[in-house]
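To keep things clear, I will list the structure first and then write my remarks on it.
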Amino acid sequence: MRQLTCAAPNRITWQDVPEPRLDGDGEALVRPLAVARCDIDLFLTSGLFPMRGPFALGHECVAEIVELGDAVTGLEIGQRVVVSFQLSCGGCGSCAAGHTGNCDQYPVLSDYGMQPLSGTEYGGMLADVARVPHAQAMLAPVAPGLDPVALGSVSDNVLDGYRAVAPHLAAQPGADVLIVCHGLKSVPLYAAQTALALGAGRVDYASDDAEALALAERLGARALRTDFEKPERRYPIVVDAGLTPNGLRYAVRATEPEGTLQSVSFYAGGDMPMPLGRLYTLGIRFFVGRAHAAALLPEVMPLIAAGKLRPGEVTTRVVEWEDAATAWGEPAIKLVVRR
Ligand SMILES: [Zn+2]
Ligand SMILES: [Zn+2]
């Protein structure tokens, strides 16, 4: 079968690879229909993380089930599903606790399409077939009538944006939210969308990126153009989404005393300065860590089915499957490849 592969930094090609097969009665094979590019993908293909040879691309997708193991119940061949980008078993202590991103059965960062991070090739979603080793734990049915292209990023970035604000707004209903976007493309926009959908008082979006600000405004947030020097005011809930020390410092300074600062940033490589003294003195609660995809899907899918969350509004470019090798490396806030 054909698989979109990163052969070397910035070299993306279709390659022929063996088609995966069922390897147990709890597994599924799926055929990806719409694959979205995650905010981390361009860093993977650019070689920011050391490459260990060619690797399969794509980890956010809506797919169709084409084969099911005998032990899988509640799912059907032909059904459309969102596939958790993280491999998780659903049965271990970590999965039972909702920490499906750190399943006991897999080494850390065991995800599709991210071999440079985990060191293990689990396959990618830009392929004709993908193997899902724990079908019931990792697949979430898509309600009939929903467009796979609009849901392309739900496997990962949409969930990441959701969890950045949902628990904090549940603890402080109606609170004002500031999203600080300093390099991540789509996760902060999904966070803004979630905050608006869940009844935040006011949602402000601080960034130095004109395209991101315009899109945030279209979603209903208030755009704050900033150079990340000094925040205008402080907020009870702040989301840090980016890459830079300046952006993180701005997010800290924009958080109210006793407020909540949630980071969705993957500060890989090097040390990021963090003013712990300020956090201590002001009683700022700082949350950091990855989203837990399989655990979040049952919470987020009903919001999408009900039309409360509309992730398709963040998509800025849709291309055909045949054009993926060229388009995958080109800039876009949210790229979706459809079959
Ligand atoms: Zn991702
Ligand atoms: Zn597990």
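Last residue of the sequence shown: 1191 (the numbering used here), numbering continuous.
The beta carbon of each residue, even a glycine, is placed where N, CA and C say it ideally should be.
These numbers come from a predicted model, not from an experiment.
Check, Outcome
"The stretch 1125–1134 in contact with the stretch 1051–1066 per 3-pair CB rule at 8 Å", "no"
"Sequence-distant residues of its chain with Cβ nearer than 6 Å to alanine 1143 (five each side left out)", "Leu1011, Asp1012 and Arg1015"
"Near ligand 3: glycine 942 beta-carbon under 7 Å from a heavy atom", "The model depicted lacks ligand 3 and carries ligand 1 and ligand 2 instead."
"Aspartate 963 CB to nearest heavy atom of ligand 2 below 7 Å", "no"
"Close beta carbons around valine 1152, own chain, < 8 Å, minus the five adjacent residues each side", "Val1006, Val1010, Leu1011, Tyr1014 and Leu1161"
"Segment contact flag, the stretch 957–974 with the stretch 1026–1037, C-beta cutoff 8 Å, min 3 pairs", "no"
"Coarse secondary structure for asparagine 1175, derived from DSSP in three states", "For the record, residue 1175 in the displayed sequence is aspartate; it is not asparagine. The answer is helix: DSSP assigns aspartate 1175 an H, G or I state."
"Residues near leucine 961 by beta carbon distance below 7 Å, same chain, minus five either side", "Leu969 and Ser970"
"Reference valine 1171; option with closest CA among Val887, Arg863, Leu874 and Gly942", "Val887"
"Spatial neighbours of valine 1140 in its chain, beta-carbon cut-off 6 Å, leaving aside the 5 residues before and after", "Ser1115"
"Rounded straight-line distance, which links the Cα of leucine 896 to that of isoleucine 1185", "16 Å"
"For glutamate 919, three-class secondary structure by DSSP", "strand"
"Nearest-angstrom beta carbon gap, leucine 1041 and valine 1166 [assumed within contact, 8 Å]", "5 Å"
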